[in-house]
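Structure, as structure tokens:
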Amino acid sequence: MKVVGFAGFSGSGKTTLVEQLIPELRLRGLRVSVVKHAHHSFDMDHPGKDTWRHREAGAFEVVAASDKRLMLVREFERPATLSVHHLLAELYEGVDWVLVEGFKESDLLKVEVWRAPENGQAPRPVRYPEDGFVAAVATDALQSLPVPTQLPVLDLNAPALVVDWLVAQGDRFEYNPELHGGL
329 MKVVGFAGFS
339 GSGKTTLVEQ
349 LIPELRLRGL
359 RVSVVKHAHH
369 SFDMDHPGKD
379 TWRHREAGAF
389 EVVAASDKRL
399 MLVREFERPA
409 TLSVHHLLAE
419 LYEGVDWVLV
429 EGFKESDLLK
439 VEVWRAPENG
449 QAPRPVRYPE
459 DGFVAAVATD
469 ALQSLPVPTQ
479 LPVLDLNAPA
489 LVVDWLVAQG
499 DRFEYNPELH
509 GGL
């Protein structure tokens with residue numbers, strides 16, 4: 329499987345870009361998974377539903393499956409810090425691409441998503457000058473990048489072109505857990 333990260337500050341457009349890349353990759357016959365870093369407590373199941381009730385009753389893991397979907401919810405007894413590699417290990421091996429949103433400190437190759445600040449907003453720093461894992465920059469404001477770059481610059485508003493670049497560079501994104509930080 330090929331794995332690429334998307335990193336950038338809040339409001340830069342990471343979620344929107346990842347959301348737009350999924351159907352573009354699928355149009356090419358590729359199976360896509362997403363790993364997202366969540367900063368806050370979140371719920372995928374809702375109060376009153378069986379999965380929620382089992383989890384609330386103290387189950388360590390709840391797996392729900394139908395002929396269309398599988399969901400796994402795991403509750404930690406103590407706070408746990410999981411690396412992106414732990415999450416990748418949970419994925420189905422038959423996936424073609426994994427789009428990782430967040431995990432900006434990871435050792436995965438990534439696309440930095442950057443937007444120029446609106447009038448009155450503080451300047452938005454960039455990671456690519458110091459982060460050797462940034463493989464490209466996706467932006468809608470090339471002329472406003474705060475630091476010049478020799479990296480490929482992708483049009484944030486052209487997801488099909490971003491997918492063209494990813495597919496052309498596919499070998500670079502091949503994931504090997506033994507070489508990528510492992511567990």
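If you're matching positions, the sequence shown starts at 329 in my numbering and goes up one per residue. Every residue gets a Cβ at the ideal spot worked out from N, C-alpha and C, and that includes glycine.
Which whole-angstrom value describes the C-beta separation of residue i and residue j, a residue pair presumed to lie in contact below a C-beta threshold of 8 angstroms?
i, j, result
"residue 330", "residue 460", "Residue 330 to residue 460, Cβ: 19 angstroms. No contact."
"residue 360", "residue 350", "5 angstroms"
"residue 390", "residue 401", "5 angstroms"
"residue 552", "residue 453", "Absent from the structure is residue 552, since the part of the chain shown begins at 329 and ends at 511."
CA-CA distance, residue i and residue j?
i, j, result
"residue 477", "residue 376", "51 angstroms"
"residue 505", "residue 447", "43 angstroms"
"residue 464", "residue 437", "9 angstroms"
"residue 428", "residue 386", "29 angstroms"
"residue 494", "residue 384", "41 angstroms"
"residue 442", "residue 421", "31 angstroms"
"residue 469", "residue 382", "48 angstroms"
"residue 456", "residue 462", "6 angstroms"
"residue 338", "residue 410", "21 angstroms"
"residue 332", "residue 380", "32 angstroms"
"residue 425", "residue 408", "26 angstroms"
"residue 394", "residue 403", "21 angstroms"
"residue 345", "residue 406", "33 angstroms"
Under three-state DSSP, which class holds residue i?
i, result
"residue 409", "coil"
"residue 477", "coil"
"residue 373", "coil"
"residue 334", "strand"
"residue 483", "strand"
"residue 438", "strand"
"residue 458", "coil"
"residue 472", "helix"
Ignore the nearest five residues each way along the sequence and tell me which others in residue i's own chain have a CB closer than 6 angstroms to its CB.
i, result
"residue 365", "430, 431"
"residue 342", "334, 336, 429, 441"
"residue 467", "442, 484"
"residue 399", "392"
"residue 481", "465, 470"
Please tell me whether residue i and residue j are closer than 8 angstroms, where the distance is taken between their beta carbons.
i, j, result
"residue 491", "residue 334", "no"
Looking only at its chain, what residues have a beta carbon closer than 7 angstroms to the beta carbon of residue i, apart from the 5 residues adjacent to it on each side?
i, result
"residue 451", "445, 474"
"residue 502", "330"
"residue 354", "360"
"residue 415", "363"
"residue 352", "487, 488, 491"
Excluding the 5 residues flanking residue i on each side, which residues of the same chain have their C-beta closer than 8 angstroms to its C-beta?
i, result
"residue 479", "456, 462, 463, 464, 465"
"residue 423", "329, 359, 360, 361"
"residue 378", "392"
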